[in-house]
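Below is one structure, written out as structure tokens; the observations come after it.
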Amino acid sequence: MSNSSPPEPPSSRRKILSWDEWIAIIVAFTTIIFIFFWVLGRRDGAFSFKDSLFTLKSPKPVSLPTTPGEETVSPPAIPGLDSDNELLTLPEITASLDSDSESSDSDLSTSPETTASLDSESEPLDSELLTSPEATSDTTPQESAPESEDTGPTVASPPAIAPTASPTASPTPPAEAIEFSDVPEDYWANHFIIILSEQQIIRGFPDQSFKPNQPVTRAELAAIIQNVFDKDDSKNPIDFEDLPADYWASPAIDKAVKTGFMKGYPGEVFRPDEQVPRVQVLVALISGLEATPSSTPEETLDIYQDKEQIPKWAIEKIAAATKSGLVVNHPNPESFNPNRPATRAEVAAMIYQALVISGRAEEYSSEYIIPPTE
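Here you go:
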């Protein structure tokens, strides 16, 4: 029996793979990867192999079952994934999403300009709710008469009437008349006082009195005329020497002069605190109203028993006032009493007649009114 040699041990060197074997391995791994991504694409539709292995597609809106009246909600599209053929990298997608997030946050936040706008728009509403009609209805300072040593203010100037184009403008809407304690219903001037009170042309005193027999001063007459009539300035102003700039009725006197209602005395004096006689009241009113003068003034004045007492400078004006129906004589219609100080009741009656002439009051029948003549 012969001895055989032991088999040679296997070589420790590994066999080098051939080129064909490498191709087989690559194909195998490629197939595995293909299957892997294909399975993922079938499951969530996030990938597509239509054109490229790693082409991302925009997610499709998912329609959920809805009930009647409800709307279908679709997920918002991600910027940068509009095209099926566009390949985006992860940094690009992240940057796009971050920028959209910052834009959304800025839209939700309120800018200082928006806050200021909202605040400014809310302020007028608050001011309107806090402002009462009484606080805004009368903001113009009113003239007030000086106080007398014995009886307080001699006349309460009426509130200003809204500016009008001419003295024939419509009167202020009637207000509730004041029942003055010293003006009974049977008082001869009750109607004139009540109507002017309703029109807010005259007012009484704090104690609810009117003091109808109290004389009126020239300054007080100017204040009343200013508040009743609104005319354009047609005359030159006069710088009266006895009228300080801070005198309470300076604006009213200046207005009465420039509108042609009143004049001063020789020497450029006005005498504001002088009691105004009846003749001056009528001359002032008829001058401002610019009534047609009488062609026969002397004959027109024959109805007065005391016509000789009428100053010559006032004859034509008083005749025009008589012809127009402006004159009111109490207690005797035939006595004119031109130089007697005019009382508050008499001035109220004459102012009422001036409103009738200018179409701002209805005619009133009284035995003390001198009827107009043709």
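Sequence positions in the sequence shown follow this note's numbering and run 383 to 756. By construction, the Cβ of each residue, glycine as well, lies at the ideal position given by its N, Cα and C atoms.
Which of helix, strand or coil DSSP assigns to residue i
i, result
"F436", "In this prediction, F436 has a pLDDT of 39, which is less than 50 and means its spatial position is unreliable; what the coordinates show is noted afterwards. Coil at F436, not helix or strand."
"P328", "Given a span of 383 to 756 for the chain in the structure shown, any question on residue 328 remains unanswerable."
"G741", "coil"
"T599", "strand"
"Q657", "strand"
"T725", "strand"
"Y647", "strand"
"V709", "coil"
"E468", "The predicted model places E468 with a pLDDT of 43, which falls under 50 and marks its position as unreliable; any figure quoted below should be read in that light. DSSP places E468 in coil when its eight states are reduced to three."
Unbroken alpha helix (DSSP H) run spanning residue i, endpoints
i, result
"Y569", "No alpha helix (DSSP H) contains Y569, which DSSP labels as neither H nor E."
"E690", "Counting along the chain, E690 falls outside any alpha helix (DSSP H), and DSSP gives it neither H nor E."
"D636", "632-640"
"T755", "T755 -> no alpha helix (DSSP H), and no H or E assigned at all."
"I700", "697-706"
Own chain partners of residue i with C-beta closer than 6 Å, once the 5 adjacent residues on each side are dropped
i, result
"Y686", "F718"
"I751", "V710"
"A703", "L664, I668, V709"
"K637", "Q608"
Straight-line gap, residue i to residue j (C-alpha atoms, nearest Å)
i, j, result
"P753", "E716", "12 Å"
"P713", "Q590", "25 Å"
"M732", "L664", "8 Å"
"G646", "K699", "16 Å"
"F652", "E745", "34 Å"
"E728", "I584", "13 Å"
"D688", "P626", "37 Å"
"T599", "D655", "5 Å"
"L683", "A605", "29 Å"
Residues near residue i by beta carbon distance below 7 Å, same chain, minus five either side
i, result
"A736", "L667, L671, L708"
"V565", "N572, I575, F592, P594"
"R722", "P659, R660"
Beta-carbon contacts of residue i that lie in its chain and below 8 Å, excluding the five residues immediately before and after
i, result
"I739", "L671, A673, S706, G707, L708"
"E749", "P715"
Do the segment 616-629 and the segment 666-673 touch if we need at least three Cβ pairs shorter than 8 Å?
-> no
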